[in-house]
Structures are given as structure tokens and as C-alpha cells.
Amino acid sequence: MEDFIKEVKELEVGNTDLKPVHVLRALRSASGLTDPFIQHYLGKPKSVSPNYVNVSAYLTSALHHHITADNQELGVVLTADGTTVALRPLLLGIEAGFLRRLRWDVPNRHPNTPVTKKSPRYEDQSPDGCWDSLASPRTFTLTHRPTLLTTAQLNGGMDGVILAREAFKSRSLKLSALLTMYYGQKLDQRGLDAAPCIISQRRRDNFQQLLQSSESVLGVLRMEAVAVAEINKRMKGKRVMRLKEKKQMMSAMNGKIRELVQKYTDCPPIIPRCMWGAEPYKGTPTNLSLPLSFLYIHHTAIPSQPCTSFQQCSVDMRAMQRFHQEERGWDDIGYR
1 MEDFIKEVKE LEVGNTDLKP VHVLRALRSA SGLTDPFIQH YLGKPKSVSP NYVNVSAYLT
61 SALHHHITAD NQELGVVLTA DGTTVALRPL LLGIEAGFLR RLRWDVPNRH PNTPVTKKSP
121 RYEDQSPDGC WDSLASPRTF TLTHRPTLLT TAQLNGGMDG VILAREAFKS RSLKLSALLT
181 MYYGQKLDQR GLDAAPCIIS QRRRDNFQQL LQSSESVLGV LRMEAVAVAE INKRMKGKRV
241 MRLKEKKQMM SAMNGKIREL VQKYTDCPPI IPRCMWGAEP YKGTPTNLSL PLSFLYIHHT
301 AIPSQPCTSF QQCSVDMRAM QRFHQEERGW DDIGYR
């Protein structure tokens, strides 16, 4: 993310007369995100993007989200808090905020993606992955192929909604400054208790608060999903959805939205073992099922100070694993 913000800042410095929304539209135009569906919500990017804006090849490629045949996810970046974010839904959300066109949308799902009662659970639909290097991340490989969305897309969607509200409040705030404020916050020994409210480490809490600010979250999301599908049909010259079809789609959305909301707001984020440099698994894993009969909370005595960065927490996790494997000969910390 630091590299991406640096490139955005260079673009802003080279085009000082551009407003933040113009920068976003220039990025969208250069990246080819000009399909009618996006234009329906955000307008034509060239309508406010001067032709002389020179968008770097890095920025152009960064917005192309794609999953290769060998499960490499492109168009994503590693953030300082250890999570991975897809840039496309992030920037589209922020642009909507600068344009003051805020709506509840299903997080960047393609309008052609079917939603049925037979769809797999969200736990299987949104895989996370591993970077080839944490010091110089270049390649991000998913744990398995997604059915619908990846964790990075959902992270980008949540961040896009959160930062859209910030952009809505101040249309003059530069894009690089907004991203730095959100992703560049470093915690001190007081941790999150002394941290600003709008930072990436609070992603799930902030998104949950936005959901709770609506009188009927599920109802709003269901109606928006139907509206998205209907607009897509209309653009393709297909017949308008009948009332029965709309009701069936809204009914199918109920459980899926609840699962998504539960996983990405009620539950804490889980950092994959590969991200903190875990040694190979030792022991015999036992699959857990709810309800749990008991739960042990493991903590370390050394180091005694809480970790306040992803790098520090990774060191602590490796120390804990060594204690498990080498000093005590216990089974390993058991998760993927």
C-alpha cells in the first residue's frame, strides 16, 4: 500500500490543478474501468479527466483485479496491519464518496454473479492468501479458488464504504492524504485505545457501525442487490424482473447477507499462518465444531509488552510457536 500511495502522491504533485475526484476518474479511465454498469453510478471518467494526465503503468495495472489459473490474485496490495486489500472496490467506493453518491451496495460483486440458496457458505467463498515476501511483496497466492469474492475484495469493499464517508465530509482532501490517514497510522503502547477512529485496524468495527446506523440493514442490502441486478438486465436489453423473481432473489439473499455480516463484522480477522512466518505444522489437528465444550486463551509472559504492529506481532507468534513445539513438545497452534 505504501508504494501505491507514493505513486498517487506523485500523480497529484504532477497535476496540482486536479481535484481528488479528477484524480480518481483519471485512474479509472487509464485502467479501463469504463463499462456501462460503473458509468451508471459514477459517470464517464473522461468527462472530468484532462487528457494530459499521465498515469503511471504501475497505477494502471494496480486497478486490474484478476485471478490467474494458478490462483495468483492481481490488483491487491499488502497493508501495514497485515491484511490484503483489492484496490478496485476501494477506489470506486472513495470516488462515490467524493461525488456524494453514497448507496448501500453489495461489496463489488459482479452483477452477473448468481445468488442462490445452493451457494456455498461465505467461509468457502472468500479465501485469503499468502504473499511471496512481507518485506517486498510482489505475488499474492490464494489458498484456494474463490466461488464469488476474495477476502481482499471484501476488505477493499469495506474500506471503500468507510472512506467514502470521509470523502463525503471533505471533498478537498487529497486522495494520498486520505489513504495515508487510514492505512499509515502507527500504534503506540496504548494500542487501539489511543488510536484515531478511522484507521484500517478498526475496519470491521467501523463497518459494523455503518451497518447498524441503518434502520433495516438487511432490507437495504436486499433491495440494493435487486436494484443492481435489474439495472444490469436493463442495460443488456433484457426484460425487467417480475415481482415474483424479485421476491425470490431477496429471499435467497437473506441468509447469505447474514453470513457475510457475521463473518466480516462480528468475527475478528484471522491472519493466515504463512503471513507471520509459521514453521510447518506439528501434531494431529482436530477439527472444531460448535458449540465448543471449553476454550483456552494462550498468552505469553515474554515479551510482556503487547505488540502494536504487524511485524512485532509476527515475532511474538513465532516465539509462541517455538515455545509450543520445541520447549514443551505440544501440538502446534492449529489453524490454517
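For the sequence shown, UniProt numbering assigns the number 1 to the initial residue and increments by one for each residue that follows. Just so it is clear, CB atoms sit at the ideal spot from N, CA and C, and this is done for glycine as well.
Note on residue 203: 16 or more other CB atoms within 10 angstroms of its CB, so buried under the neighbour-count rule.
Secondary-structure assignment with DSSP links residue 27 through no beta bridge to anything.
Scanning its chain for C-beta atoms nearer than 8 Å, with the 5 sequence neighbours on each side dropped, one finds around residue 59 the residues 4, 7, 8, 11, 27, 30, 31, in chain order. Residue 250 and residue 226 have their C-alpha atoms some 7 Å from each other.
In the three-state reduction of the DSSP assignment, residue 72 falls in the strand class.
Around the Cβ of residue 238, a 10 Å sphere holds fewer than 16 other Cβ atoms; the residue is exposed. With fewer than 16 other CB atoms across the displayed protein chains lying within 10 angstroms of its CB, residue 270 is exposed. Secondary structure of residue 66 (DSSP, three-state): strand.
DSSP places residue 330 in the coil class of the three-state scheme, outside both helix and strand. Residue 142: member of the beta strand (DSSP E) spanning 140 to 142, first to last residue.
For residue 86, the enclosing beta strand (DSSP E) has its first and last residue at 84 to 86. When DSSP reads this structure, residue 131 sits in a beta bridge with 140. Closest by C-alpha distance to residue 209, out of 159, 229, 23, is 159.
Counting C-beta atoms within 10 angstroms of its own C-beta, residue 256 has 16 or more neighbours from the protein chains shown and is therefore classed as buried. Listed as beta-bridge partners of residue 77 by DSSP are 85. Per the C-alpha coordinates, the member of 74, 99, 148, 66 positioned closest to residue 44 is 99. A residue is called buried when at least 16 other Cβ atoms come within 10 angstroms of its Cβ; residue 70 does not meet this threshold and is exposed. The three-state secondary structure of residue 254, taken from DSSP, is helix.
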